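Written below as C-alpha cells is the structure these notes are about.
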Amino acid sequence: MPRLPASAALTAVLALALAACGSQLDPDEVAGATGGSGETVNSAGEAVPGTTTGGDTTTAGGTTTAGGAPAGGGSTTSGTTGGSTGGTGGGTGGTTGGSGGGTTGGGGGGGKGDQSDDDNSANGGGKGASCDGFQNGPGITDSEITIGNVADVSGPVPGLFQSSQDAVKAYVAYFNATSDICGRKLNLITYDSRTDAGADQQAYTKACAETFATVGSMGAFDSGGAATTASCGLPDIRSAAVTKDRNSCATCFPAQSTNTGEWENAPGEFIKQNYPDAAAHAAVLYTNAGAAAENGPASARAMAKQGLTFDVVQGIDVSEFNFAPYAQQLKDKGVKAVFWTGPYQYSVRLAQAFQQVGYEPDVYLRDPTDYIPDYVSSGGDAVDKTVVFLNFVPFEEADSNKEMQLYLSWLQQVSPGADPSFFGVFSWSAARLFVEKATELGGKLSRQTLVDALSKTDNWTANELTAPQHVGSKRTGDCWRFIQLNGGAWQPVGGSKYLCAGTNQG
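Mapping to the UniProt record's numbering: the sequence shown position 350 is 350, numbers consecutive.
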C-alpha cells in the first residue's frame, strides 16, 4: 500500500489498530468520509460500462455475467512475496467477547494436503443439491446471483483493502468461466467504505437492497454497518472482522475466525520450543494508542500463562520518532525475545534502532503485518531475521497448494500487477465458502438458509489454503506456522507445518 509520511499520527493509529493481534479500530482516531456504492463487474472482473467507482451513485443490475472470463485458472504463480495493498493490517486475534480456552493440539498440515482437481473447482466439486423449488429473492434473478463486496478503497490510507475486492473479483471471474449455481452466474457490485463507519453503514444499506449476500468484505470501521446487516438478514461472509459489533452480528461470518480476548498459544509455544533461553527473557513493545494499547499488554498476559517471563512491557507513543532508547533498554535488560504490536512502518523503525545500538535479540517475532514487500524493501538488512507467524500457505510455497495457485493466477488475470495479500487470501476463501454453501443448498438457497449453513461451518480451510477456521462459532483459530526473513527472502522456520497449541485468555 502507499506509504504516508511517518509524521502523520493519523496513519500510524490506523495502521497499528489493524496490525494488532485481536485488533480493533477506534473510530475516534481516524477522520473519515461519507460512503457509497462502487462498481459492478462482469465475469471477467471488469467494470461494466455506465457504473461508478466511489461516490454515492447507486449501481443498478442488468449487467452481463456469462462468458468472457480468461482461461487458465490453474497455472502456477509462485515466488511472490506478500501483498502491498492492505499491508497495515494483519489482525490475528479477535474482536468479540466469549470464552477462550481452546484445546491444545499437535502440529497441523502446512497446506500440502491431498487435494483433487474437483475440490479446487469453482463450485467445490460436489454434486450439489437439487435445484427443484429454487426461488428468486433479493439479489437473485433467473440468470444471476448478485453479491457485494464492501472494502476500504479510499480514505486516509488509499487502497487499504483493495486486495480484498481484487480477490473477490478474481473468484467471480473464475467461477463464471467454469460454473453456475442452478443456472445462475455471479454478478458482483463493489462498494467503497472509505475507512469510515458512516460509509460502511451506507454501503451495507445499499447492499441489503441490491445484493443477495456480501462476500470477502474488509473495513477498518466495520462496526458501522453491522446492525444494518443483521437487521436485513444479509449474509456477510467477510475476510475478517475487526470490531466487536461486526463479529457479534448474527448474519456475519469472517473467513478468518477471531474472538476478542482469545489468544492463540502458538507464538508462545514456538518460542519455548525453538528459543528456550529467550522464553525467560521476553519483551512486548506496542504503539501506545488505539487497539494496540490494549492488545500489547494482553498478549504478554496470555503468553505469561504459557510460562514466558516478560522483563519489559512498554508502550511507545505514536509521536515518538527516536526508538533507540527503547532498544537500549532491551539490550541493558538482556531481553532475548521481542514482540512488537503496531504497524510495519514502526516495526522497521524498531529494527533499525536495534541495529543502531548494537542489539540483536535471539528472535524478533511479528504477525502477518510485516509479510509484505514494503517491509523488506524499506527495512533492508536491519529487518533480516524477522520471524512472522502466518495462518495460510506462504506465497513462496504456492506450488504446494492448488488453491493458492488459483488465487495468484486469477488475481493477475483480473488485476494485472496486483500483489497478493493476507486479506486477499481470506477474501478469496470467503468467496469459495459462499459458492460452496450456496451450491450445497441448491433449490433451498435463501438468505436465511445460507446463514444457517454458515453457522454450522467449522474447520474451514478453503482446500488447505488456510489453517482451520471456526467460521460458525467465531473462535480464534489456534494453528499457525512461522517464516523467517533471510537475505531478503522468506523461508520456513521451526518446520513447515502448523503448530496447533490451543488458545487462552489475555
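The beta carbon of each residue, even a glycine, is placed where N, CA and C say it ideally should be.
The model shown is predicted, which means the values in this text are computed figures rather than measured ones.
* Asked: Over what stretch of residues does the alpha helix (DSSP H) that includes residue 528 continue unbroken?
  -> Nothing about residue 528 can be reported from this structure: the residues present for the chain run from 1 to 506 only.
* Asked: Taking all protein chains shown into account, do 16 or more other C-beta atoms lie within 10 angstroms of the C-beta of Ala-255, making it buried, or fewer, making it exposed?
  -> buried
* In or out: Asp-196 buried (at least 16 other Cβ within 10 Å) or exposed? -> buried
* Please determine, among Gly-148, Cys-131, Asp-245, the residue with the shortest C-alpha to C-alpha distance to Ser-427. => Gly-148
* Given a cut-off of 9 angstroms, decide if Phe-323 and residue 507 are closer than it, judged by their beta-carbon atoms. => Because the chain spans 1 through 506 in this model, residue 507 falls outside it and cannot be assessed.
* To do: Taking Thr-229 and Thr-243 to be in contact with their CB atoms under 8 angstroms, please state how far apart those CB atoms are, rounded to whole angstroms.
  => Not confirmed; about 12 angstroms, so no contact.
* Proximal residues to residue 566 (C-beta, below 6 angstroms), its chain only, five neighbours per side dropped -> Residue numbering for the chain in the displayed model covers 1 to 506; residue 566 lies beyond these limits and cannot be assessed.
* Boundaries (first-last residue) of the beta strand (DSSP E) holding Lys-185 -> 185-192
* Using the Cα positions of Gln-306 and Gly-133, report the straight-line distance between them to the nearest angstrom. => 53 angstroms
* Going by Cα to Cα distance, which pick from Ser-377, Phe-389, Val-348 is closest to Asp-367? -> Phe-389
* Asked: Could you give the residue range of the alpha helix (DSSP H) that holds Thr-229?
  -> 226-231
* Nearest neighbour of Ala-282, chosen from Val-338, Ser-257, Asp-317, Pro-276 [CA to CA] -> Val-338
* To do: Pick out whichever of Thr-476, Asn-123, Glu-396 has its Cα sitting closest to the Cα of Trp-490.
  => Glu-396
* Cβ-based neighbour list, Ser-223, same chain, cut-off 8 angstroms, excluding 5 preceding and 5 following -> Pro-27, Ala-197, Asp-200, Thr-243, Lys-244, Asp-245, Arg-246
* **Residue(s) in a DSSP beta bridge with Gly-379** => In the DSSP output, where bridge partners are listed per residue, Gly-379 has none listed.
* Asked: From this set, Asp-152, Pro-468, Ser-130, Ala-213, which residue's C-alpha is nearest Tyr-191's C-alpha?
  -> Asp-152
* **Local Cβ density within 10 Å of Asn-486, reported as buried at 16 or more and exposed below that** => exposed
* To do: Please name the residue or residues paired with Phe-395 in a DSSP beta bridge.
  => Looking at the DSSP assignment, Phe-395 forms no beta bridge with any residue, so it has no partner.
* Would the beta-carbon of Gly-442 fall within 9 angstroms of that of Ala-129? -> yes
* Just mark Glu-269 as buried or exposed, buried being the case when its beta carbon has 16 or more other beta carbons within 10 Å. => buried
* To do: Could you say which of Leu-450, Tyr-204, Leu-234, Ser-154 lies nearest to Met-225 if we only look at CA atoms?
  => Residue 225 is actually Gly in this sequence, not Met. Considering only alpha carbons, the answer is Tyr-204.
* To do: For the alpha helix (DSSP H) holding Arg-349, just list the boundary residues, first then last.
  => 344-357
* Asked: What residue from Phe-310, Asp-419, Val-318 has the CA that sits closest to Leu-330's CA?
  -> Phe-310
* Report yes if the C-beta distance between Phe-212 and Thr-258 is below 9 angstroms; otherwise report no. => no
* Are the CB atoms of Arg-260 and Gly-296 nearer to each other than 9 angstroms? -> Correcting the residue type first, residue 260 is Thr in the shown sequence and not Arg. Going by C-beta atoms, Thr-260 is not nearer than 9 angstroms to Gly-296.
* Confirm, please, whether the CB-CB distance from Tyr-286 to Gln-328 is below 9 angstroms. => no
* To do: Check Gly-139 in the structure and name its three-state DSSP category.
  => coil
* Asked: Can you tell me the Cα-Cα spacing of residue 511 and Ala-220, whole angstroms?
  -> Because residue 511 is not part of the residues shown, which for the chain are 1 to 506, the question remains open.
* Which partner residues of Glu-364 appear in the DSSP bridge assignment? -> Reading the sequence as shown, one finds Tyr at residue 364 and not Glu. Its beta-bridge partners are Val-338, Thr-386.
* To do: Grab the span of the beta strand (DSSP E) containing Trp-460 for me, first residue to last.
  => Counting along the chain, Trp-460 falls outside any beta strand (DSSP E), and DSSP gives it neither H nor E.
* Asked: Got a sec? Which residues, its chain only, sit under 8 angstroms from Gly-233 by beta carbon, not counting five neighbours each side?
  -> Thr-251, Arg-447, Gln-448, Val-451
* **Cut-off 6 angstroms between Cβ atoms - residues of its own chain near Gly-98, not counting five sequence neighbours on either side** => Unreliable positioning characterises Gly-98 in this predicted model, as indicated by a pLDDT of 33, which lies under 50. The coordinate reading is nonetheless provided below. Counting only Cβ-Cβ distances below 6 angstroms, and skipping sequence neighbours, we find Asn-259.
* Asked: Is it right to say Gln-135 is buried, meaning 16 or more other beta carbons lie within 10 angstroms of its own, or is it exposed?
  -> exposed
* Using the rule of at least 16 other Cβ atoms within 10 Å of the residue's Cβ for burial, across every protein chain shown, is Pro-416 buried or exposed? -> exposed
* According to DSSP, is Tyr-171 helix, strand or coil? -> helix
* **Same chain, Cβ closer than 6 angstroms to Met-303, neighbours up to 5 away in sequence not counted** => Gly-268
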